[in-house]
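Q: Structure below; questions to follow.
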Amino acid sequence: MATVRKAVIPAAGLGTRFLPATKAVAKEMLPIVNKPSIQLIVEEAAASGIEQVIIVTGRGKTEIVDHFDAHPQLEESLRRAGKEALLREVMRPSQLVKLATVRQQRPLGLGHAILCARSLIGDEPFAVFLPDDLVDSERPCARQLIDVYERTGTSVVALMNVPREETSSYGIAAGTVDPMDGRTVRINAIVEKPAVDDAPSTMAVVGRYVLDPAVFDYLTRTNPGRGDEIQLTDALAAMMVDRGLHGYLFEGDRFDAGDVTGYLLANLNWARRTPRIWSAIVRYVEEHSGKVPKRDKR
Ligand code: G1P
């Protein structure tokens, strides 16, 4: 069984759900507390054993590459000022993984974005991280999928149950759940953003995948689907018939950081790790929900 060493992060999207913030700033650079959200993704990749990350970028995304590069001038000034803890934080992004980028010249869909990374992936299994989906879990979400890949030898997608009325916003998979762990799913149908009445289940695909390199052949044969875009889900549906496909109802909390509400909730979630920030937030909420009286600042 080949080791999963590489990952693709498609980051060429325009971030329209976040305008006007994303007019001149890549949405992946919007911070979760004090880190760009894409850093959380690359940290998850590194913690899952990924050694090389390929970011699929587009116009206006160069700051992402800068963030994962070294910054000798800044590092030197922090060193001279004796700010060792901050220096470590600044150097960390450049030390997580080996990084490569490739441009997607036209917005032809997620499937097309993955295809852009083909020559850099070659003939080995790889992970895909959609940067809008942030997952907070004890065992990194991608690691959970890689373990399933190593067990089953098929491609694997992350799954989570959603309310039925939300099924039209996701890829939806159906299949049989392994009674042994209650999490591994042998998928027998997968469809991109079905109408609510047509959804074959309520198991939604979340943006983590481990893919057999054969997916590239299926992607080249995939016609534009939903939204007139080349959909990864459609290629997976075709590959499932020939080679099987598993899902994994992962352990952890997922936040849709591409949506304003989900992004703010993600900030609250990660803010809990810093007691000083968290106690200020709790105090704010208590005051504004009338739980405690507002402090008199006269
Ligand atoms: C993409 C996928 C979809 C998946 C979703 C998860 O859709 O195409 O199958 O359920 O990510 O976030 P998008 O949200 O990019 O339209």
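The number in our numbering is simply the position in the sequence shown, starting from 1, with 446 added.
Each residue gets a CB set at the ideal place from its N, CA and C atoms; glycine is no exception.
Take the Cβ of GLY557 as the centre, count every other Cβ of all protein chains shown within 10 Å, and call the residue buried at 16 or more, exposed below.
A: For the purposes of this step, residue 557 is taken as the residue at position 111 of the sequence shown. Label assigned to GLY557: buried.
Q: Taking Cβ to Cβ, would you say VAL656 is nearer than 8 Å to THR630?
A: Position 210 of the sequence shown, counting from 1, holds the residue named residue 656. Position 184 of the sequence shown, counting from 1, holds the residue named residue 630. Their beta carbons are not under 8 Å apart, which means VAL656 does not touch THR630 by this criterion.
Q: Could you tell me if the beta carbon of VAL747 falls within a distance shorter than 7 Å of some heavy atom in ligand 1?
A: Any property of residue 747 remains undetermined from this structure, which presents the chain solely from 447 to 744.
Q: Could I get the ranges of all uninterrupted alpha helix (DSSP H) runs contained in the region 535 to 567, with 4 residues as the minimum, in chain order?
A: 556 to 561, 564 to 567
Q: So ARG610 packs on LYS639, CB below 8 Å; how close in whole Å?
A: Position 164 of the sequence shown, counting from 1, holds the residue named residue 610. Position 193 of the sequence shown, counting from 1, holds the residue named residue 639. With 8 Å as the limit, ARG610 and LYS639 do not qualify as a contact, their Cβ atoms being about 14 Å apart.
Q: Mapping the DSSP letters down to three states, classify TYR658 as helix, strand or coil.
A: For the purposes of this step, residue 658 is taken as residue 212 along the sequence shown, with counting starting at 1. A small correction: the amino acid at residue 658 is Asp; Tyr does not occupy that position in the sequence shown. Coil at ASP658, not helix or strand.
Q: Given the structure, does GLN550 come close to ligand 1, in the sense that its CB is under 7 Å from one of the ligand's heavy atoms?
A: As a working mapping, residue 550 is identified with position 104 in the sequence shown. Checking every heavy atom of ligand 1 against the Cβ of GLN550, none is found closer than 7 Å.
Q: Would DSSP call LEU605 helix, strand or coil?
A: In the sequence shown, residue 605 corresponds to position 159, counting from 1. The answer is strand: DSSP assigns LEU605 an E or B state.
Q: Relative to the alpha-carbon of VAL454, which residue among LYS529, GLN498, GLU612 has its alpha-carbon at the smallest distance?
A: Here residue 454 refers to the residue found at position 8 when the sequence shown is read from its first residue. It is GLN498.
Q: Taking 8 Å as the cut-off, does the region 473 to 489 touch the region 503 to 515 (at least 3 CB pairs, one atom from each stretch)?
A: The region 503 to 515 makes contact with the region 473 to 489: 3 or more CB pairs, one atom from each, lie closer than 8 Å.
Q: Just how far apart, CA to CA, sit GLN541 and GLU584?
A: Within the sequence shown, numbered from 1, the residue matching residue 541 stands at position 95. Within the sequence shown, numbered from 1, the residue matching residue 584 stands at position 138. So the alpha carbons of these two residues sit roughly 22 Å apart.
Q: When every heavy atom of ligand 1 is checked, does at least one fall within less than 7 Å of the C-beta of GLY693?
A: On the sequence shown, residue 693 is found 247 positions in, with the first residue counted as 1. Not under cutoff, so the answer is no.
Q: Among LEU554, ARG552, HIS517, whose alpha-carbon lies nearest the alpha-carbon of PRO539?
A: For the purposes of this step, residue 539 is taken as the residue at position 93 of the sequence shown. The shortest C-alpha separation from PRO539 is found at HIS517.
Q: Is GLN677 near ligand 1, in the sense that its beta carbon is under 7 Å from a heavy atom of that ligand?
A: Taking the sequence shown and counting its residues from 1, the one referred to as residue 677 is at position 231. Yes, since a heavy atom of ligand 1 falls inside the 7 Å radius drawn around the Cβ of GLN677.
Q: Specify the secondary structure class of ALA573 as computed by DSSP and reduced to three states.
A: Counting from 1 along the sequence shown, the entry for residue 573 is found at position 127. Strand.
Q: Just to confirm, are ILE636 and ALA683 a CB contact at a threshold of 8 Å?
A: Residue 636 sits at position 190 when you count from the first residue of the sequence shown. Residue 683 sits at position 237 when you count from the first residue of the sequence shown. A contact, by the Cβ cut-off of 8 Å.
Q: Could you round the C-beta distance between THR503 and ARG549 to whole angstroms and report it? I think they count as a contact, below 8 Å.
A: Working through the sequence shown from its first residue, we reach residue 503 at position 57. Working through the sequence shown from its first residue, we reach residue 549 at position 103. The Cβ separation is near 6 Å, so the contact holds.
Q: Taking 8 Å as the cut-off, does the region 703 to 720 touch the region 656 to 669 (at least 3 CB pairs, one atom from each stretch)?
A: no
Q: Taking 7 Å as the cut-off, does the CB of GLY617 come closer than this to any heavy atom belonging to ligand 1?
A: Taking the first residue of the sequence shown as 1, we reach residue 617 at position 171. Checking every heavy atom of ligand 1 against the Cβ of GLY617, one is found closer than 7 Å.
Q: CA-CA distance, LEU545 and VAL738?
A: Taking the sequence shown and counting its residues from 1, one reaches residue 545 at position 99. Taking the sequence shown and counting its residues from 1, one reaches residue 738 at position 292. If I take the Cα positions, the gap works out to 49 Å.
Q: Compute the Euclidean distance between the alpha carbons of ILE500 and TYR664, then round it to the nearest angstrom.
A: By 1-based counting over the sequence shown, the position of residue 500 is 54. By 1-based counting over the sequence shown, the position of residue 664 is 218. Rounded to whole angstroms, ILE500 to TYR664 spans 20 Å at the Cα level.
Q: Rank PHE662, ARG589, ILE487 by C-alpha distance to the C-alpha of THR449 and give the top, closest one.
A: Sequence index remark: in the sequence shown, residue 449 carries index 3 (1-based). The shortest C-alpha separation from THR449 is found at ARG589.
Q: In the DSSP output, what is GLU489 paired with across the bridge?
A: The residue labelled residue 489 in the question sits at position 43 within the sequence shown. DSSP output for GLU489 lists no bridge partner at all.
Q: Beta-carbon within less than 6 Å of GLU697's beta-carbon, same chain only, minus the 5 sequence neighbours each way: which residues are those?
A: Translated into positions along the sequence shown, residue 697 becomes position 251. Apart from the 5 residues on each side of it in sequence, GLU697 sits with its Cβ closer than 6 Å to the Cβ of SER583 in its chain, given in chain order.
Q: Which class does PHE514 belong to by DSSP, given the choice of helix, strand or coil?
A: Counted from its first residue, the sequence shown places residue 514 at position 68. Reduced to three states, the DSSP call for PHE514 is coil.
Q: Out of LEU524, SER601, ALA531, LEU678, which one is the CA nearest neighbour of LEU576?
A: Numbered from 1 along the sequence shown, position 130 holds the residue referred to as residue 576. Among LEU524, SER601, ALA531, LEU678, the Cα nearest to that of LEU576 belongs to LEU678.
Q: State the Cα-Cα distance for the pair PHE701 and LEU580, rounded to the nearest angstrom.
A: Counting from 1 along the sequence shown, the entry for residue 701 is found at position 255. Counting from 1 along the sequence shown, the entry for residue 580 is found at position 134. Distance between the alpha carbons of PHE701 and LEU580: 5 Å.
Q: Since I believe ALA619 is in contact with MET649 (beta carbons under 8 Å), could you give me their beta-carbon distance rounded to a whole number of angstroms?
A: One-based indexing of the sequence shown puts residue 649 at position 203. One-based indexing of the sequence shown puts residue 619 at position 173. The C-beta distance from MET649 to ALA619 rounds to 5 Å, short enough to meet the 8 Å contact threshold.
Q: Look at MET685 and VAL661 and say whether their C-beta atoms are less than 8 Å apart.
A: Counted from its first residue, the sequence shown places residue 685 at position 239. Counted from its first residue, the sequence shown places residue 661 at position 215. It is a contact, given that the beta carbons lie within the stated cut-off.
Q: Could you check whether ASN607 and GLY440 sit closer than 8 Å to each other, using their CB atoms as the reference points?
A: Look at the range of the chain in this structure, 447 to 744, and you will see that residue 440 is not part of it.
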